[in-house]
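All remarks here apply to the structure that follows.
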Amino acid sequence: MPSIINSMAYTFLCLFGGLAALSGCADSQAPTLPIKAGIEWANPFIGSDGKGKTYPGATTPFGMVQLSPDNGRGGWDWISGYFYPDTTIASFSHTHLSGTGIGELYDISFFPATAPFKRTELDGDSTTLELYSRFSHEQEAASPGYYRVLLQDYGIEVELTATPRTGLQRYTRHGEGKLYVFLNLGYSRNWDATSGADIRFIDSSTIAGHRFSSGWAKDQRVFFYTRFSRPYESVEMLKENPPYVQFTFDLEPESALLVKTGLSSVSTDNAAENLLTEQPHWDFE
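Going letter by letter, the sequence shown gives residues 2 to 286 in the working numbering.
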C-alpha cells in the first residue's frame, strides 16, 4: 500500500510541475496587446452617412443635451441635422434626434464667425443656407462626449462637450479680427418650426430665454441659460421675432471664448440651476 501511495504522489507532483512549466511558458510567450477602454472603440460618425440619420456631436447616455453641428440644409438626408457627405456647417444646436427619421429639435443654435461672413440668402427653400462655413473631415474629430471641427472660412476651431443637461463650447480663433457669435432662436429645418421664442440679457456675459416649437412634438418647450467666459463688447438684434442675435467679442488671435448653456423643459430658473450644478466652472477638459 505505501508503494502505491508513493507512486500516486509522484505522479501528482509530475503533473503539477508540468502544468506549472507550461503555464510559465504560455505567460512568457503571450503577445502583448494594447488594452483599450470600451470608449476608445466608439466612433460617433457611424450612422451619419447613408440612411443612419445619426449625429456626431457631444452627448451623454440618456442626456437632455445633444450638442452637435448642423449642415444648415433640410431634407431626408439631414434629418439629424448632419449628413457626412456635406461640406458646410451652419450652426451648433443643443438638441438632436438620432436614427429616428424624424426631422425635429435643433434647439438653441449658436454659430461663431469672423468678418466677412459667408451667407446665402434664404428664399423659402429649406435646402438653402444663410450664415455658414466650409469644413473638411480631415480637420474634424469626434469621440463619445466630444466633437471638434475647424470652420475653414473663419479660422475658428470649435470644440463641443456636454453633461446631461448642459453644453459647453470652445471657440478658438486662429485669424485676425473680432469674433462674432450668432444665436438664432428661429433656426429650424424639416418639419420643425419655431412657435415662440424670447431672449433676456441678464448682464454682459449672461443671457437667458426659451424656444418653443411645433413639429413631430406639437408643443415642445426648451428654456436656456447661457454664460460667456468673457463679456461681449456689443450686441445687436438682427431679428426680433423670433430673436436672431449677434454678439461681438474682442479676442486676441489664438485665444478662446467658452460658451456654456444649461437647458430645462420647465423654466429658465431651472436651466440656470442645471448649469450651476453640472457646469459650475470653465474646465473644458
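Glycine included, every Cβ here is placed at the ideal spot set by N, Cα and C.
In chain order, what residues of the same chain lie with their CB nearer than 6 Å to the CB of residue i, ignoring the 5 residues before and after it?
i, result
"Ser4", "Annotation note: pLDDT 49 at Ser4 (below 50); position unreliable, no value reported."
"Asp28", "Interpretation of Asp28 is limited by its pLDDT of 49, a score under 50 that renders its predicted location unreliable; the figure taken from the coordinates is listed afterwards. Once the five neighbours on either side are set aside, Asp28 has no close Cβ partner at all."
"His211", "Asp199, Phe224"
"His97", "Tyr56, Gln67, Ser69, Ser81, Gly82, Leu106"
"Glu158", "Leu151, Thr173"
"Pro243", "Leu186, Gly187, Thr195, Ala198"
Tell me which residues share the same chain as residue i and place their Cβ nearer than 7 Å to its Cβ, disregarding the 5 neighbours each side in the sequence.
i, result
"Arg135", "Thr88, Thr89, Gln153, Asp154"
Can you tell me the Cβ-Cβ gap for residue i and residue j, rounded? I've got them flagged as a contact below 8 Å.
i, j, result
"Tyr233", "Thr249", "6 Å"
"Trp283", "Ser230", "6 Å"
"Pro117", "Arg174", "About 15 Å; that fails the 8 Å criterion."
Name the residue from the options whose alpha carbon lies nearest to the alpha carbon of residue i.
i, options, result
"Arg228", "Pro86, Gln170, Arg149, Gln67", "Gln170"
"Ala194", "Thr55, Gly75, Ala272", "Gly75"
"Leu180", "Gly58, Arg149, Ser196, Leu258", "Leu258"
"Glu139", "Pro145, Tyr133, Leu151", "Leu151"
"Pro165", "Thr278, Tyr133, Gly216", "Thr278"
"Tyr1", "Gly58, Gly197, Val260", "This structure leaves residue 1 out entirely; the chain is present only between 2 and 286."
"Asn72", "Asn275, Tyr85, Pro45, Pro62", "Tyr85"
"Glu41", "Asp78, Gly146, Gly51, Met65", "Gly146"
"Phe112", "Ser266, Leu161, Asn271", "Leu161"
Put residue i into one of helix, strand or coil per three-state DSSP.
i, result
"Gln140", "helix"
"Glu286", "coil"
"Leu161", "strand"
"Leu277", "helix"
"Ala191", "In the sequence as presented, Ala is not what sits at residue 191; that position holds Asn. Asn191: coil per DSSP, three-state reduction."
"Pro45", "coil"
"Asn242", "coil"
"Ala272", "helix"
"Asp71", "strand"
"Asp78", "helix"
When you compare the CB positions of residue i and residue j, do they come within less than 8 Å of one another, or not?
i, j, result
"Ile109", "Thr262", "yes"
Kindly list the residues whose CB is nearer than 8 Å to the CB of residue i, restricted to its own chain and excluding five residues on each side of it in sequence; keep chain order.
i, result
"Cys26", "Low confidence applies here, because Cys26 scores a pLDDT of 47, under 50, leaving its location unreliable; read the following figure in that light. Excluding sequence neighbours, Cys26 sits near nothing in its chain."
Between residue i and the ligand NAD, is the CB less than 7 Å from at least one heavy atom?
i, result
"Arg228", "In terms of ligand content, the structure shown is empty, and the ligand NAD therefore cannot be addressed."
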